[in-house]
Amino acid sequence: MCLESCVGFTGPFADLKTCPVSSCRVSRWDPGRLRASNGHVKVAAKKFTTIPLGPQLQAQFCDPHSAHAMHYLYEHTQEIIMHLRETGEIPVIDDIAMGLHYLSPVLDGDIKENDIFLMVSLNGVQLYEHKDSDCWMYVWIIVNLAPDQRYQKIHVRHGRFIPGPNKPKNLDSFLCIGVHHVTALQKEGLKIWDADCNLVFRSNLYLLFPTADGPGLVYWDGMVGHSGKNGCRIYCGVISH
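Now the structure itself:
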């Protein structure tokens, strides 16, 4: 990645030797190593970390207890469908499983028992007292878990760490690898062994919501952010202050 955290050298930037941002143009290589080797040894001046989601989901099913916890969404969905057929109405809406945008494809047979539902959350954080500890990261939230479990630290899956202290100027270049990985899993399915049921299945992955705070939503929806007239409110018509 760029030494100033402008971009990640992925996708269309993969073959570049310097930062493509006109105000930066810093070399992607460690200048000391490059100079000492007369330009022969090219070591990245700075790196970011990507943690693939697929192996993390497979590991979730390797323990019988955690694998059983992943059955919550399907079992809860069946209870809701049964209640809907008996009474013609949905109970008090207190979870994602009660939304019609989720229930409709379930009733149509598009969503299967072993499919996995995800949310992704992006934010910048300052880890310690000083700004030098600033970084950006995104995490995966597994919706198949019960609401009282899915947001616990032990169940939140990390996706990427982007070191600061500067804010990325092209966040898509950092998201590229992780999103490409998930896209491949959505296309081909993820093969999983369930320790609770002792069976192997292929799961389809669904991304429900990309989430962030006001400034972070700019990177998901491409709008002007919380400081603009129509900011991060996803075209709802509410005018910003």
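Just remember that my numbering sits 58 ahead of the position in the sequence shown, which is counted from 1. Backbone N, C-alpha and C fix where the C-beta goes; we use that ideal spot for every residue, glycine too. Just so we're clear, the structure is a prediction, and the values are computed from it rather than from any experiment.
- In the structure shown, the three-state DSSP call for K287 is coil.
- Taking the CA atoms as reference points, E171 sits about 9 Å from E133.
- By the neighbour-count definition (other C-beta atoms within 10 Å, threshold 16), G217 is a buried residue.
- Judged by beta-carbon spacing, A270 lies within the 8 Å limit of L180, meaning their Cβ atoms are closer than that value.
- Between R91 and T76, the C-beta spacing is not below 8 Å.
- Less than 8 Å divides the Cβ of L263 from the Cβ of L243.
- For I109, there is no enclosing beta strand (DSSP E), as DSSP marks it with neither H nor E.
- In the three-state reduction of the DSSP assignment, H213 falls in the coil class, being assigned neither a helical nor a strand state.
- Distance from the CA atom of V79 to the CA atom of D230, rounded to whole angstroms, is 14 Å.
- With a cut-off of 8 Å on Cβ pairs, the region 249-264 is in contact with the region 116-130, counting three or more such pairs.
- The region 206-224 and the region 93-107 touch, with three or more beta-carbon pairs separated by less than 8 Å.
- Restricting attention to Q184, L203, M156, G283, the CA atom closest to the CA of D173 is found in L203.
- Closest in C-alpha terms to K245, from the list T68, E187, G112, G167, comes G112.
- Annotation: V79 is outside any alpha helix (DSSP H) and is labelled neither H nor E by DSSP.
- Between L266 and V197, the CB-CB gap reaches or exceeds 8 Å.
- By the neighbour-count criterion, in which a residue is buried when 16 or more other Cβ atoms sit within 10 angstroms of its Cβ, G236 is buried.
- Within the same chain, and ignoring the five residues on either side of V258 in sequence, the residues whose Cβ sits closer than 8 Å to its Cβ are K249, I250, W251, D252.
- For M128, there is no enclosing alpha helix (DSSP H), as DSSP marks it with neither H nor E.
- L74 counts as exposed, since fewer than 16 other C-beta atoms from the protein chains shown sit within 10 angstroms of its C-beta.
- The beta carbon of S191 sits closer than 8 Å to the beta carbons of Q184, L185, G222, P223 from its chain, once the five residues preceding and following it are set aside; these are given in chain order.
- Taking the C-beta atoms as reference points, S63 is found nearer than 8 Å to P226.
- Here M140 is exposed, its C-beta having fewer than 16 other C-beta atoms within 10 Å.
- Here L158 is exposed: its Cβ has fewer than 16 other Cβ atoms, across all protein chains shown, within 10 Å.
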